[in-house]
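**Student:** Residue numbering for the sequence shown follows the working numbering, beginning at 130 and increasing consecutively.
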Amino acid sequence: MKKIRIGTRESPLAMRQTQIIIDLLREKIGLFDYEIISTKTLGDKLLDISLKEIGGKGVFVKDIEAGLLTGEIDLAVHSAKDMPFKLLSGLTIGAIAPRAVVNDVLIFRDSAVKSLADLPPNAVIGTSSSRRDLQLLALRADLKITDSRGKIETRLAKLQNGEFDAIILAEAGLARMAYLKDLTFQRFSISECVPAVGQGALAVECRKDDIEMLTILEKITDNVSAQAVAIEREFLEVLNGNCELPLGAYAEKIGETWQLTAFLAENREISGKKVILMSETPQNLGRKAAEKLLWKK
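(1) Ends of the beta strand (DSSP E) at residue 312?
(2) With distances taken between CB atoms, is the gap from residue 156 to residue 134 smaller than 7 Å?
(3) Taking residue 364 as part of the alpha helix (DSSP H), name the residues at either end of that continuous run.
(4) Nearest-angstrom Cα distance between residue 306 and residue 319?
(5) Using CA atoms only, rank isn't needed, just tell me which of 345, 229, 420 and 343 is closest to residue 353.
(6) Select from 239, 208, 136 and 368 the residue whose C-alpha is nearest the C-alpha of residue 314.
(7) Alpha carbon to alpha carbon, how far is residue 160 from residue 403? Give it in angstroms, no decimals.
(8) Please work out which residues of its chain come closer than 8 Å, Cβ to Cβ, to residue 199, disregarding the five sequence neighbours upstream and downstream, and give them in chain order.
(9) Between the alpha carbons of residue 417 and residue 357, how many angstroms are there, rounded?
(10) Within the region 316–348, note down every full beta strand (DSSP E) run reaching 3 residues or more, in order along the chain.
(11) Does the beta-carbon of residue 270 have 16 or more other beta-carbons within 10 angstroms, so that it is buried, or is it exposed?
(12) Could you check where the beta strand (DSSP E) with residue 196 kicks off and where it finishes?
(13) Answer yes or no: do residue 268 and residue 254 have a C-beta to C-beta separation smaller than 7 Å?
(14) What does the alpha-carbon distance come out to for the pair residue 265 and residue 244?
(15) With the cut-off set at 7 Å, would you say residue 331 and residue 226 are in Cβ contact?
(16) Can you tell which of 150, 152, 275 and 236 has the C-alpha that lies nearest to the C-alpha of residue 317?
(17) In whole angstroms, what separates the C-alpha of residue 145 from that of residue 308?
(18) Using DSSP with H/G/I as helix, E/B as strand and the rest coil, what is residue 372?
(19) How many angstroms separate the CA atom of residue 140 from the CA atom of residue 280?
(20) Tell me, to the nearest whole angstrom, how far the beta carbon of residue 382 is from that of residue 158; I am working on the premise that it is less than 8 Å.
(21) What are the start and end residues of the alpha helix (DSSP H) that includes residue 305?
(22) Just grab the DSSP bridge partners of residue 208 for me.
(23) Identify, in the order they occur along the chain, each residue of the same chain with its Cβ nearer than 6 Å to the Cβ of residue 408, setting aside the five sequence neighbours on each side.
(24) Candidates 365, 217 and 380: which alpha carbon is nearest residue 423's?
(25) Within its chain, find whatever has a CB closer than 8 Å to the CB of residue 406; leave out the 5 residues flanking it on each side and keep chain order.
(26) From 345, 277 and 193, pick the residue whose C-alpha is nearest to that of residue 168; which is it?
(27) The beta strand (DSSP E) that contains residue 388, what's its start and end?
Okay, structure coming up:
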């Protein structure tokens, strides 16, 4: 039986997400054995240094991509939001799995606190994302934002140990790990906190010339999710986006119409700018949103 070797980060969430992809593959194609090859990426090792200083979100995928290029692995599973807009030469996104919920959630240390408004003055919030902290400050300017990196379990432990009054995380990861049932949290609407590009989506990367893997991955791709992520990544590409630039985008298909909600904060202004565009076709929707935000005063 042919074995498909799948690379991923070694965090519990990454391993869970890889299992989701394996389950999809087994459901759609079967007849293969699967081996997970986990890697501790540079972004996982240097937790005391900001992502900006070590090269942006791409540090979570580069070490795994190296395994694809050398042939050590056949596929790589990533959170789509961690992928830079420009992939390494010879690699491509072969599949986007059905997308999970895209919202961010604010998790409270004190279970008596039910919403952002209930937090005390000057409450300390843990987040590692400039996109999140600027949108949060637009909702409550008195908040004290503190950097918080690491796997979900580490951040939740720091919250319970009193380092923060609340932390903000992607709901999708918490749901995949079945942690939400034990947490007190507020879900932000898309208009309150525009998600990261690709948030909630799992991307499977492979070599461009691996026709067998590309054919297999077609069977697990969700076309609407894939098109939505493509729109968002076009927005990212036009802005030459990385973790230094606070931006977010969420594309969704409503009936036969595509809607893109996008956020950009240049020079770290507190409020940032948001636009909502609608189109009957997805072509150039990300580009149009980026250009509109760049010219918007």
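Don't be surprised by glycine CBs; every beta carbon is placed ideally from N, CA and C.
**Tutor:** So, to answer that:
(1) No residue range can be given for residue 312, since it is assigned to no beta strand (DSSP E) and is classified by DSSP as neither H nor E.
(2) 7 Å or more divides the Cβ of residue 156 from the Cβ of residue 134.
(3) Run containing residue 364: 352–367, per the alpha helix (DSSP H) assignment.
(4) In a straight line, the C-alpha of residue 306 is about 22 Å away from that of residue 319.
(5) Checked all of 345, 229, 420 and 343; the closest Cα to residue 353 is 229.
(6) Closest by alpha carbon: 239.
(7) CA-CA distance, residue 403 to residue 160, rounds to 47 Å.
(8) Once the five neighbours on either side are set aside, residue 199 has no close Cβ partner at all.
(9) Their Cα atoms are separated by approximately 15 Å.
(10) For the region 316–348, the continuous beta strand (DSSP E) assignments of 3+ residues that do not extend past its boundaries occur at 331–336, in sequence order.
(11) It counts as exposed.
(12) Careful: residue 196 lies outside any beta strand (DSSP E), inside the alpha helix (DSSP H) at 191–199.
(13) No, the pair does not count as a contact, with Cβ atoms beyond the cut-off.
(14) Rounded to the nearest angstrom, the two C-alpha atoms are 13 Å apart.
(15) Less than 7 Å divides the Cβ of residue 331 from the Cβ of residue 226.
(16) Check the Cα spacing between residue 317 and each of 150, 152, 275 and 236: the tightest is with 236.
(17) Going from the Cα of residue 145 to the Cα of residue 308 covers about 13 Å.
(18) Note that residue 372 scores 49 on pLDDT, short of 50, meaning its location in the model is unreliable; the coordinates nonetheless yield the value given after this. Correct three-state label for residue 372: coil.
(19) Distance between the alpha carbons of residue 140 and residue 280: 7 Å.
(20) With a beta-carbon spacing of about 26 Å, residue 382 and residue 158 fall beyond the 8 Å limit used to define contacts.
(21) DSSP places residue 305 in the uninterrupted alpha helix (DSSP H) bounded by 300–305.
(22) 331.
(23) Counting only Cβ-Cβ distances below 6 Å, and skipping sequence neighbours, we find 387 and 414.
(24) Per the C-alpha coordinates, the member of 365, 217 and 380 positioned closest to residue 423 is 365.
(25) Closer than 8 Å at Cβ, skipping near neighbours: 388, 389, 391, 414, 417, 418 and 421.
(26) Residue 168 has its Cα closest to that of 193, out of 345, 277 and 193.
(27) Unbroken beta strand (DSSP E) run through residue 388: 386–393.
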